[in-house]
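For the record, in the sequence shown the residue sitting at position 78 is 98 according to the working numbering, with numbers rising by one throughout.
Glycine is no exception: its CB is placed at the ideal position from the N, C-alpha and C atoms.
One structure is given below, encoded as structure tokens.
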Amino acid sequence: MEIDFDKMGGLVPAVIQDDTSNEVLMVGFMNATALEKTQSSGFATFFSRTRNTLWMKGETSGNLLRVRRILTDCDDDTLLVRVERLGEGNVCHTGERTCFFKQLPGGTEDVEGTVAGGTS
């Protein structure tokens with residue numbers, strides 16, 4: 021199987037998901053070299069678009085992401101990387117467990133709350 025790195029200028033999004041809890045932890049980008057390093061090392065490695073270099077998640081903090089399996093979507097242009105969190109287990113650079121902790125309005129919880137609360 022060939023990953024389609026051409027659509028986004030040599031990069032593919034990599035959705036990082038906890039292999040035990042199924043929680044989405046972060047999204048990073050990989051180029052072919054980052055994917056190869058991830059596969060050979062067994063630890064999630066990304067391409068930094070701002071620094072133009074590879075980086076291994078948790079290399080300095082100790083919160084490494086051990087890769088359990090890598091899946092690709094139907095178009096072969098997005099990766100789902102199932103991981104085991106090591107160290108303290110916090111993935112976000114803010115110290116949060118996941119990078120997805122800020123909620124925007126507009127989900128069904130907001131609508132149901134409005135309907136149930138009787139306000140419009």
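| Asked | Found |
| --- | --- |
| Unbroken stretches of the beta strand (DSSP E), 3 residues or longer, contained in the region 61–88 | 65–68 and 73–76 |
| Extent of the continuous beta strand (DSSP E) to which residue 102 belongs | 99–105 |
| Between the CA atoms of residue 33 and residue 94 - distance to the nearest angstrom | 14 angstroms |
| Run of the beta strand (DSSP E) containing residue 49, from where it starts to where it stops | 44–50 |
| Limits of the unbroken beta strand (DSSP E) element including residue 37 | 32–38 |
| Straight-line gap, residue 109 to residue 84 (C-alpha atoms, nearest Å) | 8 angstroms |
| Residue 91 - DSSP class collapsed to helix/strand/coil | strand |
| Reduced DSSP category for residue 122 - H, G, I as helix; E, B as strand; rest coil | coil |
| Rounded straight-line distance, which links the Cα of residue 123 to that of residue 67 | 27 angstroms |
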